[in-house]
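Just so you know, the sequences run in chain order P and V. Quick note: the first sequence, position 354, residue 353 per numbering that gives the first Met the number 0, numbers continuous. Quick note: the second sequence, position 144, residue 143 per numbering that gives the first Met the number 0, numbers continuous. Inspection log for the structure reproduced underneath, given as structure tokens.
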Amino acid sequence: MPTTPVLPKLVGQRVKRREDPRLIQGRGTYVDDIALIGMQHLAFKRSDGAHARITSIDTSAAEAIEGVEAVFTGAQIAKFLPPMPIGTPFPSPEHRAVAVDTVRYSGEPVAVVVARDRYVARDAADAIVVSYDPLPAVVDVERAMTGQPAVIHPDFKNNLAVALVPSGTGVSADGSKVDDSAIDAAFKNAEVVISQRMVNQRLAPNTMEPRGVVAHFEPGKGTMTIWSSTQNPHILRTFIAALTGLGQDQVRAIAPEVGGGFGAKINIYGEEYVTAAISKQLGIPLKWIEDRSEAFVATTHGRDIIGYVDIAAKRDGTLLGLKLRLIADIGAYNMLLTAAIPTLTMMMANATYNIPAVRATLTEVFTNKTPTDAYRGAGRPEATYFVERAMDMLARELKMDPAELRRKNFIKPSQFPFATQTGAVYDSGDYEKALDLALKHSQWDRLKAERDAARAQGRLVGLGLSMYVEVCGIGPSAALPTGGWEHSQVTVERDGRISATTGASPHGQGNETTFAQMIADQFGVPFEHVTILHGDTGVVKQGIGTFGSRSQAVGGTALIMAGAKVKKKMAKFAAALFEAHEDDLVFENGTISVKGSPASAKPFASVAAYAYVPVPLPDGLEPGLSDEAFFEPTNNTYPFGCHISMLEIDRETGEPNLLKLVAIDDAGNLINPLIVEGQIHGGLAQGIGQAMIEEVVYGEDGQLLTGSYMDYALPRAIDFPRFELAATVTPTPVNPLGAKGVGEAGTLGSTPCIVNAAVDALSEFGVKHVDMMLRPEKLWRIIQGGRS
Amino acid sequence: MAQISLTVNGKARKADVEPRLLLVHYLREQLRLTGTHVACDTSQCGACTVLVDGRSVKSCTMFAVQADGSTITTIEGLATNGQLHPLQNAFWEEHGLQCGYCTPGMIMAAVTLLEQTPKPSERDIRAGISGNFCRCTGYQHIVNAIQRAAAEKR
């Protein structure tokens, strides 16, 4: 009997990533690493002003530069490129990839150069002379809502992109009927009401790889290949085909190695359309690579939403009602998902609590700024921040321990699935368990004693706690205009190796590793015999993409569903070989055997070979081992957790220093805990960045004041303590993996728990709230006797 | 055009370059050593870090002509005889990367860090790589990787 090595089960193990060998040796291929014969380079001429009419564009000096192939103004591009579509059902003003007569944010493209290399292209863009007739810049969002100082899009009165959408208790499903009696009664009966205006400031996503695109239209074949640094090549293909007048069968979209996304690479951008459309016009391959200065103005921003929060409670801490009035500053235009992001803030206003009455309202407003769209967390960190800050204010008002106030109001495990007041159905949860683990892991009582001891020495030390509940694993199709499913095709090759495609297109998440773990376990074959293919619509037949923490929950489920179909067919071939029943076969250690008869084992590869040369062909079987699956979940998943922080503020300088951060996250079952930890760390870093140092700032004239790393503080290694992680495991019933998603969770709890700690640290000054970010100067003023 | 001669990853090179050509673009576009990345235009992100005469340098802050006569090592030249450099291996072991875009520069910066500070504290490491941005990892696994490489070197 041949001896076969015993293969360990890999799901649940800390498997090293198979992506890494190429990346640590500089052998990854990102968009800018692609060079095609005859390829020329694009550079965009961008608007200097925030709001202006274009009176003239003189391209003659640019065209005279040696090496310049062509120059196009917005008006010229409009002749062959239609306005850009959006991906939400909201009304939207016309948005041209290159402005035709009016610019509406600083950095909006006004012309494009095609040239021999990027240096010449940049020289030529600089040589274009544009004359403008300036218009008043609309910067302050609450002033913008009165139509002042200007109306940006004539069809949108008072700059209201979305006028007022109510949701919550007493609002009918279609939003047409609003009954305020329950929410009014809650506030009437309240013994204590907390009210606060809070700003969840604008952020720049800052993927380390800026965006980039290579487009190659081949006139002979009439086909387009487009490489782009995108999170969703299939959505890109759909939109590029539509706007270049091609069929989806004629466009191949490839996301090669993608250097980070964080939501900012979901949107299909003007530069992608323009590069593709000009490639089609000129019949040559073209490349455009964004530089960092461009990324700050041309890649969508995140957050930027004001919340007016009112919370009603009894003096014993029982919540009675919550009002959340949201005003979102969405910038100058609607992008792919722009209008939908703040609706997620409304949807998650119920947080982790039993709140008898909730009223959330949302207004979205145009301003002369870079448009917003998804940024890690996308609407949920904002909701978490508003509610968890308000809960902290309530605890302070009632002199309750912030943990105990939360515990008192939790949705109980027996209440799941739990339909919230704001339209979500939480699939599963055990919030008290996460809170208890956080208190234990952080040694909460000891931290309180340490804080009090530090205070006795005159130090400004504070503790913060935050719960969160997330929406992940996004589907079903009713929740996503693109379709809320994911697709996979699994093929056992003739040599017994396995290739599997996934529509979940990774950009750092490690799907090549986690998905290979799952397939290796499913078929009982070595990890090394599995290849995961992704990011290429020419190879991956269908897909949606990677966002909303959906890769594992939706894409991973599609993968094992496709795998199960192929395995079932392979079992039928094996059954014919063994003259056994297909249900009696065991796939393990690279072999297939009859249950209870290990000596019968045949190499996996030999059964694969038989399936491709099936002599004789078993009755009712077609040759080959390849099948596909679409998986659409019935609901989102709702991961949750509890984050705790300790922070000190320097009494002399106001500088905050994060001393401790404990994160308890419940993402359900984990495929690879090593990768999950990395995802949480990254989310924490971005959440802490928002709380402490990151902020996009515009001047009164609409100029971006934080347009480089000189002025926008991207967190560095020195800004963080060592994060302390632990997990509870509450599997979701929504998919067979029990996995919920984890990519964004870190950004939810960390931000409010840090601001809660800062307010706690400043409690001796009577401070109730501090808006982010925690700029030392702002804190110093409070310490010096100002009030926030 | 200016003529330069230099050694890159052990190989002698001669080239005619525009005086304004950045070293990083010479490496990436003329030599096709695309492992060295560009992630900002203000010399802050560190993605383009290479070794110039043994010291880590942000190759977007140098013109190619300034590298005339020097010896350069890029990420592609760090492994020797097919063996990963201990830092490369440690980044793999400790999950010190996600999207991988900052990784080559981060590793090259860490090479110099460990040469100058063979027994770094965690704070030394965090300060030592603060000229290199990573947006994916929150740095913790990168710190672990550099600690592991430092321990293995001893």
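Just so you know, even glycine gets a beta-carbon here, dropped at the ideal spot from N, CA and C. Please read all numbers here as calculations on a predicted model, not as lab measurements.
(message) What does the alpha-carbon distance come out to for the pair residue 101 of chain P and residue 711 of chain P?
(response) The sequence position of residue 101 of chain P within the first sequence is 102, counting from 1. The sequence position of residue 711 of chain P within the first sequence is 712, counting from 1. If I take the Cα positions, the gap works out to 28 Å.
(request) Tell me, please, whether the segment 569-583 of chain P touches the segment 649-659 of chain P by the rule of three or more beta-carbon pairs shorter than 8 Å. (result) no
(message) Alpha carbons only, please: which of P/639, P/691, P/342 is nearest the one belonging to residue 166 of chain P?
(response) Indexing the first sequence from 1 puts residue 166 of chain P at position 167. Closest by alpha carbon: P/342.
(message) Report the CB separation of residue 127 of chain P from residue 110 of chain P in whole angstroms; it is logged as a contact under 8 Å.
(response) As a first step, residue 127 of chain P must be located in the first sequence, where it is residue number 128. As a first step, residue 110 of chain P must be located in the first sequence, where it is residue number 111. Residue 127 of chain P to residue 110 of chain P, Cβ: 5 Å. Contact.
(request) Pull out every residue of the segment 133-144 of chain V whose Cβ sits closer than 9 Å to any Cβ of chain P, in chain order. (result) 133, 134, 135, 136, 137, 138, 139, 140, 141, 142
(message) In this structure, how does DSSP classify residue 641 of chain P when only helix, strand and coil are distinguished?
(response) Here residue 641 of chain P refers to the residue found at position 642 of the first sequence. Looking at residue 641 of chain P - three-state DSSP - the assignment turns out to be strand.
(request) Can you have a look at residue 30 of chain P and say buried or exposed, based on whether 16 or more other CB atoms are within 10 angstroms of its CB? (result) Within the first sequence, the letter at position 31 stands for residue 30 of chain P. Buried is the call here.
(request) For my contact list, residue 768 of chain P and residue 388 of chain P are in at a C-beta cut-off of 8 Å; report their separation, rounded to the angstrom. (result) By 1-based counting over the first sequence, the position of residue 768 of chain P is 769. By 1-based counting over the first sequence, the position of residue 388 of chain P is 389. Yes, they are in contact, since the Cβ atoms of residue 768 of chain P and residue 388 of chain P sit about 7 Å apart, within 8 Å.
(message) Cutting at 8 Å between CB atoms, please list the residues of its own chain near residue 705 of chain P, excluding the five before and the five after it.
(response) For the purposes of this step, residue 705 of chain P is taken as residue 706 along the first sequence, with counting starting at 1. Shown here for residue 705 of chain P: same chain residues with a beta carbon closer than 8 Å to its own, the five before and five after excluded, namely 203, 295, 694, 695, 696, 711 in chain order.
(request) Using 10 angstroms around the beta-carbon of residue 348 of chain P, count the other beta-carbons present and answer buried if the total reaches 16, otherwise exposed. (result) In the first sequence, the residue the question calls residue 348 of chain P occupies position 349. It is buried - the Cβ of residue 348 of chain P has at least 16 other Cβ atoms within 10 Å.
(request) Starting from residue 205 of chain P, find everything on chain V with Cβ-Cβ shorter than 7 Å and list it in chain order. (result) Position 206 of the first sequence, counted from the start, is the residue given in the question as residue 205 of chain P. Those are 134, listed as they occur along chain V.
(message) Taking the alpha-carbon of residue 514 of chain P as reference, which of P/536, P/488, P/399, P/432 has the nearest alpha-carbon?
(response) Within the first sequence, numbered from 1, the residue matching residue 514 of chain P stands at position 515. For residue 514 of chain P, the closest of P/536, P/488, P/399, P/432 by C-alpha to C-alpha distance is P/488.
(request) Closer than 8 Å by C-beta to residue 42 of chain P: which residues in its own chain qualify, once you throw out the five before and the five after it? Chain order, please. (result) In the first sequence, counting from the first residue as 1, residue 42 of chain P sits at position 43. Cβ within range, chain order: 111, 112, 114, 117, 120, 121, 123, 124, 287.
(message) Please identify, using Cβ separations under 7 Å, the residues of the segment 694-724 of chain P that lie next to chain V, in order along the chain.
(response) 707, 708, 709, 713, 715, 716, 717, 719, 721, 722
(message) Helix, strand or coil, according to DSSP, for residue 779 of chain P in the structure here?
(response) As a working note, residue 779 of chain P is residue 780 in the first sequence. Helix.
(message) Going by DSSP in three states, residue 461 of chain P sits in which element: helix, strand or coil?
(response) As a position in the first sequence, residue 461 of chain P is number 462, starting the count at 1. In this structure, residue 461 of chain P counts as strand in the three-state DSSP scheme.
(message) With H, G and I counted as helix, E and B as strand and the rest as coil, what does DSSP make of residue 150 of chain V?
(response) The count along the second sequence starts at 1 and reaches residue 150 of chain V at position 151. Reduced to three states, the DSSP call for residue 150 of chain V is helix.
(request) For the segment 91-112 of chain V, enumerate the residues whose C-beta is nearer than 7 Å to any C-beta of chain P, in chain order. (result) Residues of the segment 91-112 of chain V that bring their beta carbon within less than 7 Å of a beta carbon in chain P comprise 91, 92, 94, 96, 97, 98, 99, 100, 101, 102, 103, 106, in sequence order.
(request) Scan the segment 2-65 of chain V and note each continuous beta strand (DSSP E) run of 3 residues or more that stays entirely inside, going in chain order. (result) 10-16, 48-51, 54-57
(request) At 4 residues or longer, and completely inside the segment 510-542 of chain P: list those alpha helix (DSSP H) runs for me, N to C. (result) Taking only runs of at least 4 residues, the alpha helix (DSSP H) segments lying wholly in the segment 510-542 of chain P are 510-522.
(message) Please identify the residue among P/261, P/248, P/26, P/242 whose C-alpha is closest to the C-alpha of residue 683 of chain P.
(response) Looking up residue 683 of chain P in the first sequence gives position 684. Closest by alpha carbon: P/261.
(request) Would you mind listing the beta strand (DSSP E) stretches within the segment 269-341 of chain P that are 3+ residues and don't spill past its ends, in chain order? (result) 285-288, 301-312, 318-330
(request) Go ahead and pull the three-state DSSP assignment for residue 414 of chain P. (result) As a position in the first sequence, residue 414 of chain P is number 415, starting the count at 1. In the structure shown, residue 414 of chain P sits in a helix (DSSP, three-state: H, G or I).
(request) Check whether the Cβ atoms of residue 755 of chain P and residue 544 of chain P lie closer than 8 Å to each other. (result) The residue given as residue 755 of chain P occupies position 756 in the first sequence. The residue given as residue 544 of chain P occupies position 545 in the first sequence. It is not a contact, given that the beta carbons lie outside the stated cut-off.
(message) At the level of alpha carbons, what is the spacing between residue 377 of chain P and residue 606 of chain P?
(response) Taking the first residue of the first sequence as 1, we reach residue 377 of chain P at position 378. Taking the first residue of the first sequence as 1, we reach residue 606 of chain P at position 607. Near 47 Å, if we compare the C-alpha coordinates of residue 606 of chain P and residue 377 of chain P.
(request) Kindly list, in the order they appear in chain V, the residues whose Cβ is closer than 8 Å to that of residue 689 of chain P. (result) By one-based count along the first sequence, residue 689 of chain P stands at place 690. Those within 8 Å of residue 689 of chain P in chain V number zero; the least Cβ separation is about 13 Å.
(message) Output needed in chain order: residues of the segment 289-307 of chain P with a Cβ under 8 Å from some Cβ in chain V.
(response) 290, 291, 292
(message) For residue 272 of chain P and residue 96 of chain P, what's the separation of their Cα atoms in angstroms?
(response) For the purposes of this step, residue 272 of chain P is taken as residue 273 along the first sequence, with counting starting at 1. For the purposes of this step, residue 96 of chain P is taken as residue 97 along the first sequence, with counting starting at 1. Looking at the backbone, the Cα of residue 272 of chain P and that of residue 96 of chain P are separated by about 7 Å.
(request) Please classify residue 175 of chain P: is it buried, with 16 or more other beta-carbons within 10 angstroms of its beta-carbon, or exposed? (result) Within the first sequence, numbered from 1, the residue matching residue 175 of chain P stands at position 176. Counting Cβ neighbours within 10 Å, residue 175 of chain P comes out exposed, since fewer than 16 surround it.
(request) State yes or no: is the beta carbon of residue 114 of chain V nearer than 8 Å to at least one beta carbon in chain P? (result) Position 115 of the second sequence, counted from the first residue, corresponds to residue 114 of chain V. Judged by the 8 Å Cβ criterion, residue 114 of chain V is not in contact with chain P.
(request) Determine the contact status of residue 372 of chain P and residue 299 of chain P, defining contact as a CB-CB distance below 8 Å. (result) Within the first sequence, numbered from 1, the residue matching residue 372 of chain P stands at position 373. Within the first sequence, numbered from 1, the residue matching residue 299 of chain P stands at position 300. The answer is yes: Cβ separation under 8 Å.
(message) As an exercise, report each continuous beta strand (DSSP E) stretch of at least 3 residues that is fully enclosed by the segment 111-158 of chain P, in chain order.
(response) 128-133
(message) Against residue 128 of chain V, what residues of chain P qualify as contacts under a CB-to-CB distance less than 9 Å, listed in chain order?
(response) Locating residue 128 of chain V in the second sequence gives position 129, counting from the first residue. In chain order: 715, 716, 717.
(request) For the segment 49-83 of chain P, enumerate the residues whose C-beta is nearer than 9 Å to any C-beta of chain V, in chain order. (result) none
(request) Note the first and the last residue of the continuous alpha helix (DSSP H) segment covering residue 616 of chain P. (result) Residue 616 of chain P sits at position 617 when you count from the first residue of the first sequence. Per DSSP, residue 616 of chain P belongs to no alpha helix (DSSP H) and is neither H nor E.
(message) Just checking: is the beta-carbon of residue 677 of chain P within a distance shorter than 8 Å of some beta-carbon in chain V?
(response) Along the first sequence, read from residue 1 onward, the residue named residue 677 of chain P stands at position 678. Chain V, which has a Cβ nearer than 8 Å to the Cβ of residue 677 of chain P, makes this yes.
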